[in-house]
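J.: Below you will find the structure I want to go over with you.
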Amino acid sequence: GACRVSMSMTEIRAGFTAIKANIQSRDPIRTLSILSHPHSLHKVKSSDRCCITHLLFTFYVDKVFKHCRTEDSFVNRKISSIANSFLSVRRKLGQCREQNNCVCGEESTEKFKQILANYEGLNVTSAAMKSLGELDILLDWMEKSR
Amino acid sequence: SGELYCSLPNPRNVRFESINMRNVLHWSAPEGTGDGVLYKVKYTVYGVGKWIRKPECRNINRTWCDLSNETSDYEEQYYASVKAFLNGTCSDWMETTRFNPLTDTKIDPPMVSVSSTDKSISIILTAPEKWKRSPEEESISLLQVYPGIRYNLSVLNKKTKKRWFFSISNNSLVVPWLEPGTAYCVSAQIHVTTPLLDSGFSKEHCITTLKDK
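Residue numbers (my numbering), protein chains in the order written: chain Y, 15 to 160; chain G, 368 to 580.
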């Protein structure tokens, strides 16, 4: 069956929009993207979308949010609010995977390997901050492929 | 031009101004430089390694440069940068923030067409089109770019000044049970829930219902 997960996209978007300029200004590297190059999320086959989404939510929960503390309490609050939303969606996606409704094909595994390689090409804080600054790339892709 | 040590003040407030994904780079002249300043522009696709010069915006004296063509893929994000020159000296390159055409554009109000019977008015709304390179190019409605588009509508009874508000997802509405021979004015706004984008309200389109038969 299909994997249907409800999430508060508007809330996550609003949270990210509020800190986007702040977070992206901490990322001076123009020539490297974690999520969108060399392979764009928009090229992922529909059959792999659920798996890639689950892998990416796990990536953000395990490798990104916890390394993004800033000196700005407003920004930190927004980050933790987004992180909480991601945690709950990741849990629901995990249930889908347990019920075999979110199968990982070769393409999604390859795509995710590339994302991890991009991430590991930088030091942890830079990689985490860059990934957080690219949250709109993930959200744009998710909305487009709804 | 031979670039000496860059001591010229920098261009200021370098930013994209975008309407319906017509993406134009704007900036303000360096402080205190008066006339004669020339500029050049470059841009880069975020995550790709190279900056690309924009030839049509090389040695220009205006303070804007249309980069719609170069930033038309709204699945990508971009940076642009401007450098100023005057009397053999120059400024630093000054960059925009990261530009996401999908979330950072503004949307025009919808086109509104109205017709009436004696007791109702029919409203048809048309979402604006995405900027396109030339009239011959295929038109893309912003409906295709933002599947979650909704319309907010305001209908005013000019006589009683009573106003109704509607929020609809399809592009047409019939407002029934109106008074014959009465003027009604309609204004509409586009509302995209996520990413959150709202157009302004369109100017009012007024129509008078037919007199009683």
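Each residue gets a CB set at the ideal place from its N, CA and C atoms; glycine is no exception.
Owing to the predicted nature of the structure, the values given are computational and were not obtained by experimental measurement.
#1: Taking the CB atoms as reference points, tell me whether Pro397/G and Ala447/G lie closer together than 7 Å.
#2: Quick one: residues in its chain with C-beta nearer than 6 Å to the C-beta of Phe532/G, no 5 flanking neighbours on either side, listed in chain order?
#3: With 7 Å as the threshold, decide whether the Cβ of Arg18/Y is near any Cβ in chain G.
#4: Verify whether the separation of the beta carbon atoms of Val381/G and Trp431/G is less than 7 Å.
#5: Does any C-beta atom of chain Y lie closer than 7 Å to the C-beta of Gly567/G?
#6: Runs of 3 residues minimum, wholly inside the segment 455 to 520 of chain G: which ones carry the beta strand (DSSP E) assignment?
#7: At least one CB of chain G closer than 7 Å to the CB of Asp62/Y: is that the case?
#8: Run through the DSSP bridge pairs and tell me what Val522/G is partnered with.
#9: Check whether the segment 29 to 42 of chain Y and the segment 116 to 127 of chain Y are in contact - that is, three or more C-beta pairs closer than 8 Å.
#10: I think Asn387/G touches Thr472/G, with their Cβ atoms under 8 Å apart; what is that distance to the nearest whole Å?
#11: Which same chain residues end up closer than 7 Å to Pro376/G when comparing Cβ atoms and leaving out the 5 residues on each side of it in sequence?
#12: Please name the residue, chosen from Glu25/Y, Asn114/Y and Met156/Y, that lies closest to Leu563/G on a Cα-to-Cα basis.
#13: I'd like the span of the beta strand (DSSP E) that includes Glu423/G, first residue to last.
#14: Shorter than 7 Å from the beta carbon of Leu152/Y to some beta carbon of chain G?
#15: Assuming Gly135/Y and Leu46/Y are in contact, meaning their beta carbons sit under 8 Å apart, how far apart are those beta carbons, in whole angstroms?
#16: Can you grab the Cα-Cα spacing for the pair Ser32/Y / Ile507/G, in whole Å?
#17: Is Arg91/Y close to chain G? Criterion is C-beta to C-beta, closer than 7 Å.
#18: According to DSSP, Glu384/G sits in a beta bridge with which residue or residues?
#19: How many Å lie between Lys486/G and Arg530/G at the Cα?
#20: Alpha carbons only, please: which of Thr549/G, Pro514/G, Tyr413/G and Val542/G is nearest the one belonging to Glu437/G?
#21: Check this for me: beta carbons of Ser566/G and Ile557/G, under 7 Å apart or not?
#22: So the beta strand (DSSP E) Phe452/G belongs to, where does it begin and stop?
#23: Using 10 angstroms around the beta-carbon of Val500/G, count the other beta-carbons present and answer buried if the total reaches 16, otherwise exposed.
#24: Counting only the same chain and skipping the five closest in sequence on each side, list residues whose C-beta sits under 6 Å from that of Cys424/G.
#25: Alpha carbon to alpha carbon, what distance is there between Leu153/Y and Ala28/Y?
#26: Tell me whether Thr67/Y sits in a helix, a strand or coil according to DSSP, three-state version.
#27: How far does the beta strand (DSSP E) with Leu405/G in it extend, from its first residue to its last?
#28: If we define contact as Cβ-Cβ less than 7 Å, is Pro397/G a contact residue for chain Y?
#29: Between the C-alpha atoms of Ser368/G and Leu405/G, what's the straight-line distance to the nearest angstrom?
#30: Could you work out which residues of chain Y lie near Arg465/G, taking near to mean beta carbons separated by less than 7 Å?
#31: Consult DSSP for Leu564/G and reduce its assignment to one of helix, strand or coil.
#32: Gln109/Y: buried (16+ other C-beta within 10 angstroms of its C-beta) or exposed?
#33: Just to confirm before moving on: does the CB-CB distance between Leu492/G and Asn538/G stay below 7 Å?
#34: What's the call for Trp394/G, buried or exposed, on a 16-neighbour Cβ count within 10 Å?
#35: Where does Cys110/Y fall in DSSP's three states?
#36: For Asp62/Y, which of Lys144/Y, Asn132/Y, Cys17/Y and Asp150/Y has the nearest alpha-carbon?
T.: The answer reads as follows:
#1: It is not a contact, given that the beta carbons lie outside the stated cut-off.
#2: Once the five neighbours on either side are set aside, the close Cβ partners of Phe532/G are Ser521.
#3: For Arg18/Y, the answer is no, since every Cβ of chain G falls outside 7 Å of its Cβ.
#4: The answer is no: Cβ separation not under 7 Å.
#5: No - not a single Cβ of chain Y is within 7 Å of the one on Gly567/G.
#6: Given a length threshold of 3 residues, each whole run of the beta strand (DSSP E) inside the segment 455 to 520 of chain G is given here in chain order: 478 to 483 and 488 to 493.
#7: Answer no: the Cβ-Cβ gap between Asp62/Y and chain G never drops below 7 Å.
#8: Val522/G pairs with Trp531/G and Val553/G.
#9: Contact annotation: the segment 29 to 42 of chain Y does not touch the segment 116 to 127 of chain Y, with fewer than three C-beta pairs closer than 8 Å.
#10: With a Cβ gap of about 7 Å, Asn387/G and Thr472/G count as contacting.
#11: Counting only Cβ-Cβ distances below 7 Å, and skipping sequence neighbours, we find Pro397, Glu398, Gly399, Thr400 and Ser458.
#12: It is Glu25/Y.
#13: In the DSSP assignment, Glu423/G falls within the unbroken beta strand (DSSP E) covering Ile419 to Ile427.
#14: Chain G, which has no Cβ nearer than 7 Å to the Cβ of Leu152/Y, makes this no.
#15: Contact annotation, Gly135/Y with Leu46/Y: C-beta distance approximately 7 Å; criterion of less than 8 Å satisfied.
#16: Per the sequence presented here, residue 32/Y reads as Ala, with Ser not at that position. So the two alpha carbons sit approximately 30 Å from each other.
#17: Taking Cβ atoms only, chain G never reaches closer than 7 Å to Arg91/Y, which makes this a no.
#18: DSSP output for Glu384/G lists Val391/G as bridge partner(s).
#19: Each residue's alpha carbon lies about 16 Å from the other.
#20: Between Glu437/G and the set Thr549/G, Pro514/G, Tyr413/G and Val542/G, the nearest pair of CA atoms involves Tyr413/G.
#21: A contact, by the Cβ cut-off of 7 Å.
#22: From DSSP, the beta strand (DSSP E) with Phe452/G extends over Tyr445 to Leu453.
#23: The displayed chain sequence assigns Arg, not Val, to residue 500/G. Per the 10 Å Cβ criterion, exposed.
#24: Answer for Cys424/G: Val408 and Cys432, listed in chain order.
#25: The straight-line gap from Cα to Cα measures roughly 11 Å.
#26: Here Thr67/Y sits in helix by DSSP.
#27: Leu405/G: member of the beta strand (DSSP E) spanning Leu405 to Val412, first to last residue.
#28: With a threshold of 7 Å between beta carbons, Pro397/G makes no contact with chain Y.
#29: Because Ser368/G carries a pLDDT of 47, less than 50, the predicted location of this residue cannot be relied on, and the following value inherits that uncertainty. C-alpha of Ser368/G to C-alpha of Leu405/G: approximately 11 Å in a straight line.
#30: Chain-ordered, the chain Y residues with CB closer than 7 Å to the CB of Arg465/G read Gln38.
#31: If DSSP states are grouped into helix, strand and coil, Leu564/G belongs with the strands.
#32: Counting every other CB atom within 10 Å of its CB across the protein chains shown gives Gln109/Y a total below 16, marking it as exposed.
#33: It is a contact, given that the beta carbons lie within the stated cut-off.
#34: Classification of Trp394/G: buried, given that the 10 Å Cβ count is 16 or more.
#35: Helix, per DSSP.
#36: Closest by alpha carbon: Cys17/Y.
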